[in-house]
Amino acid sequence: MTAVKEPTPRAGRREWIALAVLSLPTMLLMLDINVLMLALPQLSEDLGASSTQQLWITDIYGFAIAGFLVTMGTLGDRIGRRRLLLGGAAVFAVVSAVAAFSDSAEMLVVSRAVLGVAGATVMPSTLALISNMFQDPKERGTAIAMWASAMMAGVALGPAVGGLVLAAFWWGSVFLIAVPVMLLVVVTGPVLLTESRDPDAGRLDLLSAVLSLATVLPVIYGLKELARSGWDPLAAGAVVLGVVFGALFVQRQRRLADPMLDLGLFADRTLRAGLTVSMVNAVIMGGTGLMVALYLQTIAGHSPLAAGLWLLIPACVLVVGVQVSNLLAQRMPPSRVLLGGLLIAAVGQLLITRVDGDDTVLLITATTLIYFGASPVGPITTGAIMGAAPPEKAGAASSLSATGGEFGVALGIAGLGSLSTVVYSARVEVPDEAGPAAGDAAQESIAGALHTAGQLGPDSAGALLDSARAAFTSGVQSVAAVCAVFSVALAVLIGTRLRDISAMDHGHGEEPAENDAQPAT
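Residue numbers (the working numbering): 55 to 575.
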């Protein structure tokens with residue numbers, strides 16, 4: 055007799071409610087990154103933070119998240135994704151309250167570092183739980199799209215929420231936003247979420263965890279420093295050091311019988327394709343986001359809050375685009391949706407090459423096209439990655455997806471930011487009146503040119519400002535042109551080599567862990 059294949063279980067009300075709960079901490083992670091930028095001047099004054107301490111306050115959170123993603127993803131596969139999420143959420147809630155009432159810059163830096171470690175539990179565990187809760191491929195695609203929308207909503211709402219909160223309360227209030235959200239996860243998680251883990255997982259290899267951290271942290275740090283300060287031997291050395299540790303990490307994984315990260319995951323063509331498209335798109339979006347934000351403030355003359363509010367438009371369109379692209383991907387090959395979106399993004403990049411002066415409307419229109427065009431990448435590639443991985447490796451797969459995105463954004467900011475700086479330095483004309491030291495500062499960045507102009511006479515200052523603005527605009531246009539080429543190249547790659555990439559052609563399921571909550575009927 056021919057075996058009859060049992061239908062894939064459909065998600066019930068409990069799973070969809072659980073999805074809403076899982077989306078909240080994901081949104082909060084993105085919100086927490088952006089909302090602090092507006093609070094930085096006020097908290098720096100109250101805590102007496104130096105410029106170096108300010109950088110650590112803003113950066114250490116992202117460094118810790120990026121550094122611990124792989125470790126936390128594989129740890130969740132071993133001890134249980136629900137257990138990891140609930141533990142991380144509890145720590146995040148407590149430490150957020152501690153950060154809100156910090157009485158020194160050092161205390162806030164340490165709090166932010168711990169928040170980053172706790173935050174690293176959220177993305178891989180939520181995505182792995184979603185992948186196992188929704189076993190029907192179409193439902194999983196919808197669930198991942200909603201999860202991605204929540205993440206993008208956090209990015210979009212960050213500046214607006216931060217501005218509103220800071221207008222009514224003190225700077226510590228931006229950290230207290232996290233407390234009720236994480237407590238909701240802790241309280242409802244045991245009821246709504248079914249535990250899942252790799253039943254054959256061994257103990258976590260601590261040396262592999264250390265090597266993973268030593269790989270990611272120096273590379274992310276070095277790329278950010280290169281983007282912030284230009285060429286720096288120390289930053290470049292950090293990147294090289296991270297690559298060396300990465301090679302040692304890979305070598306150890308190949309030798310271990312039970313590796314922390316199963317390199318066999320990369321044997322799947324769909325997973326490799328998803329990671330490649332996702333990371334290259336992150337490079338494009340990282341560089342674009344940096345240039346647009348700087349242009350709005352330095353050339354168009356908007357305040358940080360006003361620039362954030364302008365950027366709400368493309369960010370909200372991105373959230374809508376995620377849902378639209380998911381619907382389209384259920385009705386046509388996902389590769390076509392990706393290809394069409396990337397071509398739309400390329401048109402937006404080409405429009406930025408025409409932006410000049412304080413034309414905010416054209417810039418935001420172009421950015422909106424870019425964000426809308428890029429909107430299919432997140433849900434489709436994430437769905438492809440999670441669908442390609444065995445269910446017992448869901449945490450590791452989700453951590454790879456998130457880490458690739460972190461690397462891509464950092465590389466985009468550093469690489470494309472450096473390109474903009476090179477173009478600016480080559481085109482700006484500094485008056486002789488500026489002198490060697492001030493002239494070098496003006497040659498290095500538009501911020502230096504603005505400072506130098508204040509020391510010059512009216513005619514020389516005006517000439518320097520005009521030249522600096524034109525040079526900076528040329529740098530932004532050059533970055534946009536390169537991003538357009540990247541987008542078209544990625545579209546060609548998808549159309550010719552990755553036509554079979556699918557966010558919904560793999561249906562994995564996993565048995566719940568013993569003695570855990572059973573699905574509600």
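A virtual CB, placed ideally from N, CA and C, is assigned to each residue, including glycine.
Keep in mind that this is a model prediction, so the values were computed, not measured.
DSSP three-state assignment for T196, whether helix, strand or coil: T196 falls in the helix class under three-state DSSP.
Segments of 4+ residues assigned as alpha helix (DSSP H) that fall wholly inside the segment 170–247: Look at the segment 170–247 and you find these whole runs of alpha helix (DSSP H), each 4 residues long or longer: 176–187, 191–222, 227–230, 232–246.
Residue of E160, D131, W70, V304 minimising C-alpha distance to V197: Per the sequence shown, the amino acid found at residue 197 is Ala instead of Val. Cα-wise, what sits closest to A197 is W70.
8 Å Cβ cutoff met for L123 and P79: no
Among F303, P358, A400, nearest to V264 - alpha-carbon criterion: F303
Cα-Cα separation between M126 and I406, rounded to whole angstroms: 39 Å
For Y425, the nearest candidate out of G394, P444, V148 (CA to CA): G394
Test item: CB-CB of N186 and A451 under 8 Å: Between N186 and A451, the CB-CB gap reaches or exceeds 8 Å.
Residue interval of the alpha helix (DSSP H) (run including M339): 323–352
Neighbourhood of L404 by C-beta, 6 Å cutoff - its chain only, sequence neighbours within 5 removed: A538
Euclidean distance between Cα positions of R68 and R523: 55 Å
Span separating the alpha-carbon of E99 from that of V219: 18 Å
Environment of D513 [buried if 16+ CB atoms lie within 10 Å]: exposed
E460 versus G511 - alpha carbon distance: 45 Å
Rounded Cβ spacing between L90 and A147 (contact assumed at less than 8 Å): Not really, about 17 Å apart at Cβ, beyond 8 Å.
Bounding residues of the alpha helix (DSSP H) (the contiguous stretch that carries R257): It is not in any alpha helix (DSSP H) - R257 carries neither H nor E in the DSSP assignment.
C-beta atoms of I231 and G170 nearer than 8 Å: Between I231 and G170, the C-beta gap is not smaller than 8 Å, which leaves the two residues out of contact.
Any 3 or more C-beta pairs closer than 8 Å across the segment 238–246 and the segment 128–144: yes
Cβ distance (whole Å) where A327 is taken to contact A347 below 8 Å: Here A327 is actually not in contact with A347; their C-beta atoms are around 30 Å apart, not less than 8 Å.
Sequence-distant residues of its chain with Cβ nearer than 6 Å to L470 (five each side left out): G341, V533
Selection from P485, A517, S472, G489 that minimises the alpha carbon distance to S499: Comparing Cα-Cα distances from S499 to each of P485, A517, S472, G489, the minimum goes to S472.
Contacting residues, own chain, Cβ-Cβ under 6 Å from I418 (five flanking each side not counted): The answer, listed in chain order, is W364, I367.
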